[in-house]
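The structure is reproduced here in structure tokens:
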């Protein structure tokens, strides 16, 4: 068994008849094999250093995935004024972005497991650079939408590539934290887009904001080749001491449907919170402060939830369902909360922490279980997240236009609760599928 493992990991013949060192799990005092230069290095130190570099790389690169769409949202007033298109076309362009991300997530995951994380990350980042450049020089709504379609495919590619990088290079004992930090790149991109409006957009014009982002992304693309990663092609992954059974294809598809319900409501919440707060009588400035506050809470929640999952390996999909349930309860409370009452702030905080704090944990659970092909598995699951991002804001907006905000919030609450129930069903199916001896 040890010999087979040694051959599989490419360990030299000296270990062929002995015990192969376990990569990244070397205990205190255990020495790694010498480097090619002849210097010895503690395996734990080497693994920790590589893991930190991978977390930095995955988080930094992932920010550029959603940035083209988030910049469009922040700079929409300036862009629509110059290119002359309606709010409806703005919504269509953003929907195209998430639709291409949903379509491309699973194929990108399969590609990542075949060719390795570094190549796929370069591909996704190159797509983001090209999309940002195209949006910088776009002269029509159609050109803008084509660029967003390319950006959506790049976003999906960066997501699954970074998932593979973390699953391959980060020690198992901190992978939950790593995925939480990586998923915090999404609200970080939102904050970046928000800062670009007053600092660049209103001062120099929206094209400078996109052009500056393109330059930074291109520099990161050039630097990415210098950051070494040992993920390479898909191979044996670090596993927790008692790895769970992998999710089947059917279970992953069911999970994608479940998270689509959860993500749909969460994306609608993010898109309409400020407008709803203003609708109830809150000033625009205070409403913006509300969004900034709950966004920061959501960013922190993703990191803390990931950290807790490392401390308690028993945390599983039931926790994801619990977070969605809390988010659903918060959405249901919105119609009862007045604009000036603390209840609205509390409801918004719980909605962001619970209703939108689970993606990192969900991704980590799937990658941990399907450690032989983490990019493929997380690609299927995240396709549901992207699909929800398309449908949720659209249906929420239709409900507001046709009936009222009250009905829309009740629908969002129901959507998160349906997602929670479906996730529990997936978890039960997964547990029943585990053989008795495992």
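Numbering (the numbering used here), first residue to last: 141 to 578. In this text, a Cβ means the ideal position worked out from N, Cα and C, and glycines have one as well. Small disclaimer: the values here were computed from a predicted structure and weren't measured.
Chain B contact for residue i (CB, 8 angstroms cutoff)
i           : result
residue 284 : Of the protein chains in the structure, only one exists, and it is not chain B.
Assigned exposure category for residue i - 16 Cβ within 10 Å defines buried
i           : result
residue 228 : exposed
residue 530 : buried
residue 338 : exposed
residue 330 : buried
residue 518 : buried
residue 399 : buried
residue 549 : buried
residue 279 : exposed
residue 373 : With a pLDDT of 42 at residue 373, under the threshold of 50, the predicted position of this residue should be treated as unreliable, and no value is reported.
residue 389 : exposed
residue 562 : buried
residue 567 : buried
residue 362 : exposed
residue 452 : exposed
residue 532 : buried
residue 580 : This structure cannot settle anything about residue 580, because the visible part of the chain is limited to 141 through 578.
residue 553 : buried
residue 196 : exposed
residue 541 : exposed
residue 423 : exposed
Cβ neighbours of residue i in the same chain (closer than 7 angstroms, five flanking residues each side left out)
i           : result
residue 325 : 199, 202 and 203
residue 558 : 401
residue 516 : 249, 250 and 253
residue 276 : 347, 350, 351 and 354
residue 238 : 292, 526, 529 and 530
residue 391 : 566, 569 and 570
residue 514 : 303, 304, 307, 377 and 507
Candidates the options: closest to residue i by CA position
i           : options               : result
residue 458 : 355, 565 and 320      : 565
residue 290 : 264, 511 and 466      : 264
residue 214 : 262, 349 and 298      : 349
residue 501 : 221, 209, 315 and 346 : 315
residue 209 : 218, 271 and 194      : 271
residue 206 : 431, 334 and 311      : 334
residue 582 : 412, 524 and 260      : No information on residue 582 is available, as it lies outside the stretch 141 to 578 that the chain covers here.
residue 434 : 452, 454 and 470      : 470
residue 551 : 560, 218, 562 and 539 : 539
residue 282 : 259, 442 and 225      : 225
residue 320 : 499, 554 and 534      : 499
residue 536 : 437, 358, 408 and 475 : 408
residue 386 : 356, 569 and 194      : 569
residue 313 : 450, 344 and 197      : 450
residue 455 : 422, 287 and 317      : 317
residue 219 : 342, 255 and 260      : 342
residue 216 : 193, 259, 345 and 311 : 345
residue 266 : 323, 246, 193 and 364 : 364
Residue i - DSSP class collapsed to helix/strand/coil
i           : result
residue 225 : coil
residue 303 : helix
residue 407 : helix
residue 198 : helix
residue 536 : helix
residue 526 : helix
residue 477 : coil
residue 463 : helix
residue 249 : helix
residue 544 : coil
residue 450 : helix
residue 512 : coil
residue 401 : helix
residue 310 : coil
residue 144 : Unreliable placement is indicated for residue 144, whose pLDDT of 46 sits below 50; no coordinate value is reported for it.
residue 280 : coil
residue 388 : coil
residue 499 : helix
residue 563 : helix
residue 435 : helix
residue 420 : coil
Closer than 7 angstroms: residue i CB and nearest the ligand NAP heavy atom
i           : result
residue 350 : For the structure depicted, the ligand NAP is absent and the ligand set is empty, with no information on it obtainable.
Same chain only: Cβ atoms within 8 angstroms of residue i, ignoring 5 sequence neighbours per side
i           : result
residue 244 : 292, 293, 296 and 297
residue 571 : none
residue 556 : 401, 402, 405, 406, 464, 465, 467, 468, 471 and 495
residue 268 : 204, 205, 207, 208, 291, 294, 295, 298 and 357
residue 476 : 483
residue 236 : 285, 288, 289 and 292
Contact set for residue i: own chain, Cβ-Cβ below 6 angstroms, skip 5 residues either direction
i           : result
residue 273 : 354
residue 242 : 523, 526 and 527
residue 396 : 520, 521, 523 and 524
residue 474 : 487 and 549
residue 327 : 435, 438 and 439
Could you check whether the segment 498-507 touches the segment 222-242, counting it as contact only if at least three pairs of C-beta atoms, one from each stretch, sit closer than 8 angstroms? No, because fewer than three Cβ pairs between the segment 498-507 and the segment 222-242 fall closer than 8 angstroms, the two stretches do not touch.
Does the structure place the segment 442-462 close enough to the segment 488-505 that three or more beta carbon pairs sit under 8 angstroms? yes
The segment 480-495 touching the segment 428-443, judged by at least three CB pairs closer than 8 angstroms: yes
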